[in-house]
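The structure appears below as structure tokens.
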Amino acid sequence: MILAIYGTGGMGKDAYQIVKDYPTIPWEKILFIDDTREEGMEQDCEMVVFETFARRYSPEEAVIHVGMGESINRLKVTEKVKALGYKVVSIIHPHARIAEDVTIGEGCQIKMGVVVGSHTVIGDGCVLQSYSSIGSDVKLGNYVQISAKCHISDNVTMEDNSFVGMHGCVSEGVHVGKFAIVSMGAALFRDIPEESVCMGNPGRVMGSNTTHRVYN
Ligand SMILES: CC(C)(COP(=O)(O)OP(=O)(O)OC[C@H]1O[C@@H](n2cnc3c(N)ncnc32)[C@H](O)[C@@H]1OP(=O)(O)O)[C@@H](O)C(=O)NCCC(=O)NCCS
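Residues 749 to 964 (the working numbering) are what the sequence shown spells out, left to right.
Here it is in structure tokens:
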């Protein structure tokens, strides 16, 4: 089976580093897909545009990991490749400590040192960056990003496409609405609505995320 990593930015490169350092699956070939660059090499792999990839490899021959940081892009690209029959796969660092009864959706990326407590549900396309801790009975919707060194307490619910910046903390039982942003370093003690941007300690809603983007 062939593994294609869709995206050559930080998240795509991180995915490659994990599968290269820990070859738990004997991939026949690993390649990158990037539609914004000229075909060539990335890391020590071939890099092609999606059209070339799809012409060469059928959904029976290849699976895809979408390695894109902006969740709305991850969602759109995942929908595109799935509509053509390709399966999207998760990449999970072997040094993440995930309780046995945790449910993990497809197309997630879980980095080194992540700890996830029991009975937590992680949706599709989520990104859990290095050394974050996620408590027990947490519900992460689809395409949620938890950045590096965040702490998400027990019973928190984070709706689809919500985001916590580096060193952010979310207290027990808090509800974070769809496309909401908890900024870098914020400590959130109260529920925040859909599309809100919350900053500071204690976290307060200071703006709105109507563009549905974190990285401008
Ligand atoms: C929340 C966030 C998206 C806001 O970005 P933004 O809309 O571009 O905000 P700006 O930089 O224009 O700042 C707007 C105001 O909020 C303040 N502010 C920005 N980030 C803040 C933060 N984390 N905590 C407190 N105040 C903050 C700014 O100082 C500025 O105040 P001012 O108007 O008085 O000068 C950004 O701060 C953030 O946290 N990004 C995530 C970074 C990250 O963790 N990346 C992870 C990569 S894996």
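Virtual Cβ for every residue (Gly too), placed ideally from N, Cα, C.
{"Item": "As assigned by DSSP and simplified to three states, the class of M759", "Value": "helix"}
{"Item": "Helix, strand or coil at S819 according to DSSP, with G and I counted as helix", "Value": "helix"}
{"Item": "M860 CB to nearest heavy atom of ligand 1 below 8 Å", "Value": "no"}
{"Item": "Opposing strand residues paired with I750 [DSSP bridges]", "Value": "K777, A810"}
{"Item": "Cβ shell of Q877 (< 7 Å), same chain only, five flanking positions each side left out", "Value": "K859, I894, S895, A896"}
{"Item": "CA-to-CA distance, I929 to N957, given in whole angstroms", "Value": "7 Å"}
{"Item": "Residues that K887 bridges to, as DSSP identifies them", "Value": "V869, T905"}
{"Item": "Candidates Y754, V869, S931, K828, of which the one nearest R961 by Cα", "Value": "S931"}
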